[in-house]
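Visitor:
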Amino acid sequence: MYRQPKAYEEYVIVLDYLPYGYYTPRGFIRGPLAQAVGEDYFMLLELQPYEGIPLSIRERVYVGKHDISKVRRITRRLTYDELTQTAKGELPEVIEEIVTRKAEKFVEFFNKASPLTTRMHSLELLRGVGKKTLWKILEERKKRPFESFKDIQERTRISDPKRLIVERILDEIKGGQKYYLFVVPPPVRKRF
Numbered sequence: 002m003y004r005q006p007k008a009y010e011e012y013v014i015v016l017d018y019l020p021y022g023y024y025t026p027r028g029f030i031r032g033p034l035a036q037a038v039g040e041d042y043f044m045l046l047e048l049q050p051y052e053g054i055p056l057s058i059r060e061r062v063y064v065g066k067h068d069i070s071k072v073r074r075i076t077r078r079l080t081y082d083e084l085t086q087t088a089k090g091e092l093p094e095v096i097e098e099i100v101t102r103k104a105e106k107f108v109e110f111f112n113k114a115s116p117l118t119t120r121m122h123s124l125e126l127l128r129g130v131g132k133k134t135l136w137k138i139l140e141e142r143k144k145r146p147f148e149s150f151k152d153i154q155e156r157t158r159i160s161d162p163k164r165l166i167v168e169r170i171l172d173e174i175k176g177g178q179k180y181y182l183f184v185v186p187p188p189v190r191k192r193f
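Residue numbering for the sequence shown follows this note's numbering, starting at 2 and increasing by one per position.
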């Protein structure tokens with residue numbers, strides 16, 4: 002069986018900071034904790050910052066292996082349902098900021114997207130992209146590659162391509178998808 006290599010986040014954006022911990026069905030977790038989303042693979046992570054170093058919401062924090070940062074360790078991966086209400090509220094805007102900052106990567110997706118099966122193309126997983134829009138995108142990218150979201154908007158029938166990407170990422174983060182284009186699939190939690 003083929004296994005994908007492990008994915009590690011270098012930077013995360015803090016969605017919520019809990020200086021005293023929080024209550025879970027398993028019990029109360031003490032100490033400062035933060036909930037964050039990764040910039041590269043959009044993993045939801047629970048972080049344990051160093052004592053006395055507060056984190057602010059929407060702060061960009063390094064969690065890679067090569068340097069000391071504000072984070073002591075990554076406690077675990079989270080599912081969407083385990084996020085606090087504050088984190089759930091911040092998530093769409095943070096995802097939109099990341100997509101705006103890394104626009105070249107997502108424009109490249111429109112240029113290089115390929116079929117998933119003989120009947121389904123990966124672009125069709127975006128809301129509002131059906132067969133007609135798909136063929137328009139494929140024809141336009143044959144002429145010349147897309148350069149920006151605005152270029153995609155002008156040359157195809159898509160009114161807001163950035164919004165489509167953000168919505169797809171949010172759907173993938175929430176889980177339950179058959180195909181994952183941008184997000185590492187969320188962990189499967191066993192129910193007791």
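We treat Cβ as the ideally placed atom computed from N, Cα and C, and that holds for glycine.
From a predicted model like this one, the values you see are computed outputs, not experimental measurements.
Do F107 and I166 come within 7 Å of each other at the CB atom, strictly closer than that value?
Guide: yes
Visitor: Can you list, in chain order, the stretches of the alpha helix (DSSP H) that have 4 or more residues and sit fully within the segment 62-123?
Guide: 86-102 and 104-113
Visitor: Is the distance from the Cβ of P162 to the Cβ of I174 below 7 Å?
Guide: no
Visitor: Could you say if the segment 37-47 and the segment 128-136 meet the contact criterion of at least three C-beta pairs nearer than 8 Å?
Guide: no
Visitor: Would Y51 and R74 be called neighbours here (beta carbons separated by less than 7 Å)?
Guide: The answer is no: Cβ separation not under 7 Å.
Visitor: For the alpha helix (DSSP H) holding V167, just list the boundary residues, first then last.
Guide: Note, V167: alpha helix (DSSP H), P162 to K175.
Visitor: Let me check one thing: in DSSP terms, what residues is L46 bridge-paired to?
Guide: Bridge partners of L46: A37 and R78.
Visitor: Whole angstroms is fine: what's the gap from L139's alpha carbon to S70's?
Guide: 44 Å
Visitor: Cα-Cα, which of Y180, I170 and K179 is closest to R39?
Guide: Before going on, a small fix: residue 39 reads as Gly here, not Arg. Ranking the options by Cα distance to G39, first place goes to I170.
Visitor: State buried or exposed for T157, treating a residue as buried only when at least 16 other CB atoms are found within 10 Å of its CB.
Guide: Looking at its Cβ environment, which holds 16 or more other Cβ atoms inside 10 Å, T157 is buried.
Visitor: I'd like to know if the segment 6-18 and the segment 54-64 are in contact, where contact means that at least 3 CB-CB pairs between them fall below 8 Å.
Guide: Enough Cβ pairs lie closer than 8 Å, so yes.
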